[in-house]
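2 protein chains.
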Amino acid sequence: MTSQKMIVEIQEWLKEAAAFIRVSLANKVTVSQKSNRTDLVTNIDEETQTFLIKKINKYYPNDSILAEEKGFDTIESLDGRVWIIDPIDGTMNFVMEQENFCIMIAVYENGVGKLGFIYDVMKDELYWGGKDLGVFVNDQKLQQPKDRALSDGLIGMNAYMYGKNIYAAGEIGHASMGIRVSGCAGIELIAMLKGNHIGYISNLSPWDYAAGLVLIEEFGFKYSDIEGKPLTFSKREYFLAASPTAYTQIQNDFVHKS
Amino acid sequence: MTSQKMIVEIQEWLKEAAAFIRVSLANKVTVSQKSNRTDLVTNIDEETQTFLIKKINKYYPNDSILAEEKGFDTIESLDGRVWIIDPIDGTMNFVMEQENFCIMIAVYENGVGKLGFIYDVMKDELYWGGKDLGVFVNDQKLQQPKDRALSDGLIGMNAYMYGKNIYAAGEIGHASMGIRVSGCAGIELIAMLKGNHIGYISNLSPWDYAAGLVLIEEFGFKYSDIEGKPLTFSKREYFLAASPTAYTQIQNDFVHKS
Numbered sequence: 055m056t057s058q059k060m061i062v063e064i065q066e067w068l069k070e071a072a073a074f075i076r077v078s079l080a081n082k083v084t085v086s087q088k089s090n091r092t093d094l095v096t097n098i099d100e101e102t103q104t105f106l107i108k109k110i111n112k113y114y115p116n117d118s119i120l121a122e123e124k125g126f127d128t129i130e131s132l133d134g135r136v137w138i139i140d141p142i143d144g145t146m147n148f149v150m151e152q153e154n155f156c157i158m159i160a161v162y163e164n165g166v167g168k169l170g171f172i173y174d175v176m177k178d179e180l181y182w183g184g185k186d187l188g189v190f191v192n193d194q195k196l197q198q199p200k201d202r203a204l205s206d207g208l209i210g211m212n213a214y215m216y217g218k219n220i221y222a223a224g225e226i227g228h229a230s231m232g233i234r235v236s237g238c239a240g241i242e243l244i245a246m247l248k249g250n251h252i253g254y255i256s257n258l259s260p261w262d263y264a265a266g267l268v269l270i271e272e273f274g275f276k277y278s279d280i281e282g283k284p285l286t287f288s289k290r291e292y293f294l295a296a297s298p299t300a301y302t303q304i305q306n307d308f309v310h311k312s
Numbered sequence: 055m056t057s058q059k060m061i062v063e064i065q066e067w068l069k070e071a072a073a074f075i076r077v078s079l080a081n082k083v084t085v086s087q088k089s090n091r092t093d094l095v096t097n098i099d100e101e102t103q104t105f106l107i108k109k110i111n112k113y114y115p116n117d118s119i120l121a122e123e124k125g126f127d128t129i130e131s132l133d134g135r136v137w138i139i140d141p142i143d144g145t146m147n148f149v150m151e152q153e154n155f156c157i158m159i160a161v162y163e164n165g166v167g168k169l170g171f172i173y174d175v176m177k178d179e180l181y182w183g184g185k186d187l188g189v190f191v192n193d194q195k196l197q198q199p200k201d202r203a204l205s206d207g208l209i210g211m212n213a214y215m216y217g218k219n220i221y222a223a224g225e226i227g228h229a230s231m232g233i234r235v236s237g238c239a240g241i242e243l244i245a246m247l248k249g250n251h252i253g254y255i256s257n258l259s260p261w262d263y264a265a266g267l268v269l270i271e272e273f274g275f276k277y278s279d280i281e282g283k284p285l286t287f288s289k290r291e292y293f294l295a296a297s298p299t300a301y302t303q304i305q306n307d308f309v310h311k312s
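Top to bottom, those sequences are chains A and B.
The first sequence: position 142 = 196 (this note's numbering), numbered continuously.
The second sequence: position 94 = 148 (this note's numbering), numbered continuously.
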């Protein structure tokens, strides 16, 4: 069960975490490499995650947590209530740009997305909503974007997949009105919620998409792994989300074109 | 000769044009194709250009004008004082996103950039400055970004050049910390001025880079066509701008690598 009380709590935690991040940016950020030279983590990622986990443990001690950093990055099952957290989505942007990064929190129950929060910290724009609740930016309710065809919209892309034409991503990009590369899954999913982009193709871990899925599903977008199979929430996967019309076109005319 | 009076006038024109654009976005925007289905122009591009040209003709009747739309897109020479205008840079974003576009104005004298203005309309951020004047965002003076190597920064790219590895753009991207694609030259040049990105590679017309060059030169960035030759201001050209270190690396290790 989720509740209005839980929504308000999460919003308060996010505001507090964002205030901490904004102050931290003015001080020293310690950057480390994870799997390779462009896979970064900072002390702020870790401290933000610790802050959020402490809150969840205090208020919802029986819940499970899946989160990007420090040993929380796998989970046995999605049974019960599960919190899925990316403390800083777009760490490269956080380090290089000091903007264009998000905090993301999702609440799932038995594998079903109930609440999603994507917070663009430096713009102070919190996109949030839930199953049958609608989608909001801060206090303002958003309108569901129109369903548009691939040829009628911009699409967010992972640059590598586009450049190497992985799963025809290059061809999909050329069939669209153009690709955009922001370096942050949260920013790309926000662009879909606003109606700016018709879709997003990338290579993502569950904390990159969990919150966004709740929101884009509420707005009627389709999503899956790039081959059309359900996302597993258990590993990095090639990810596709798009307007219903563009999703079908991408599946039939590109990914599964024989 | 440019003057403080001219700077204030241009800032006033830009504010007036931006107010017109913001109102127009709420009303009907008429979109037309130019050379192909992704090369768009709107009535707002044309009306904004007409507004700016009227101002220049009134206040500086002897000056020449080079501008993107409606027959102003070539100029016989850069002799004397020349205004170079892009009324809406990033028209695709303007149409699809209703944000991430700029108004750009440059003042050149005998081919030398004197003043540059890049106005991110929806963020209400005016980046401006001039030769020996410094670079400002609204009223705040910016600090010159550090010189960084290619491997230490993000780089803005034209998606097509990256995907097709034109002039080794794909390899350059892989040698950097990552590429970003915004679809707007003004946004990319702003990212360099802020120190967010170390460079930008694209295929640009003079009105796409004229204002930005004045500002990035003031901050010590290097620029040229992609082969290292001076930009001609007379046609669409492959464009390179980068921090001094990254510029030399891109020229020696990628573009002219034998």
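Here a beta-carbon is modelled for each residue, glycine too, at the ideal position from N, C-alpha and C.
CB contact check: residue i to chain B, cutoff 8 angstroms
| i | result |
| --- | --- |
| serine 259/A | no |
| arginine 234/A | yes |
| threonine 92/A | yes |
| alanine 213/A | yes |
| glutamate 52/A | The question about residue 52/A has no answer here: the residues shown for chain A are numbered 55 through 312. |
| leucine 208/A | yes |
| methionine 231/A | yes |
| glutamate 151/A | yes |
| methionine 246/A | no |
| methionine 176/A | no |
| glycine 237/A | yes |
Element boundaries [beta strand (DSSP E), containing residue i]
| i | result |
| --- | --- |
| histidine 251/B | 251–258 |
| arginine 234/B | 232–234 |
| threonine 96/A | 94–96 |
Reduced DSSP secondary structure (H/G/I, E/B, other) of residue i
| i | result |
| --- | --- |
| glutamate 344/A | In the structure as shown, chain A starts at 55 and stops at 312, and residue 344/A therefore has no counterpart that could be examined. |
| glutamate 291/A | strand |
| valine 85/A | strand |
| lysine 195/B | strand |
| lysine 109/A | helix |
Residues bridged to residue i (per DSSP)
| i | result |
| --- | --- |
| tryptophan 182/B | Phe171/B and Phe190/B |
| cysteine 156/B | Asp143/B and Asp174/B |
| isoleucine 138/B | Leu120/B and Ala160/B |
| isoleucine 209/B | Ile233/B and Gly253/B |
| lysine 248/A | Looking at the DSSP assignment, lysine 248/A forms no beta bridge with any residue, so it has no partner. |
| valine 166/A | Glu163/A |
| lysine 276/B | Ala296/B |
Residue i versus residue j - alpha carbon distance
| i | j | result |
| --- | --- | --- |
| alanine 300/B | glycine 188/A | 46 angstroms |
| histidine 228/B | glutamate 101/B | 41 angstroms |
| phenylalanine 273/B | aspartate 186/B | 10 angstroms |
| methionine 246/B | aspartate 117/A | 44 angstroms |
| glycine 183/A | isoleucine 119/B | 50 angstroms |
| tryptophan 137/A | aspartate 99/A | 17 angstroms |
| tyrosine 221/B | glutamate 70/B | 40 angstroms |
| lysine 177/B | cysteine 156/B | 10 angstroms |
| phenylalanine 148/B | serine 131/A | 44 angstroms |
| isoleucine 64/B | leucine 267/B | 17 angstroms |
| glutamate 179/B | alanine 264/B | 18 angstroms |
| glycine 217/A | methionine 146/A | 19 angstroms |
| leucine 169/A | asparagine 219/B | 42 angstroms |
| isoleucine 129/B | aspartate 193/B | 33 angstroms |
| methionine 60/B | glutamate 66/B | 10 angstroms |
Cutoff 8 angstroms: residue i Cβ touching any chain A Cβ
| i | result |
| --- | --- |
| asparagine 250/B | yes |
| glutamate 122/B | no |
| tyrosine 254/B | no |
| glycine 165/B | no |
| tyrosine 173/B | no |
| tyrosine 216/B | yes |
| glycine 224/B | yes |
| methionine 60/B | no |
| methionine 158/B | no |
| glycine 274/B | no |
| glycine 266/B | no |
| glycine 227/B | yes |
Start-to-end residues for the alpha helix (DSSP H) that takes in residue i
| i | result |
| --- | --- |
| tyrosine 221/B | Unbroken run through tyrosine 221/B: none, as it is neither H nor E. |
| arginine 76/B | 58–80 |
| glutamine 303/A | 298–304 |
Residue i: CB within 7 angstroms of a non-hydrogen atom of the ligand HEM
| i | result |
| --- | --- |
| methionine 211/A | Inclusion of the ligand HEM in the displayed structure is not the case, the ligand content being empty and no account of it being possible. |
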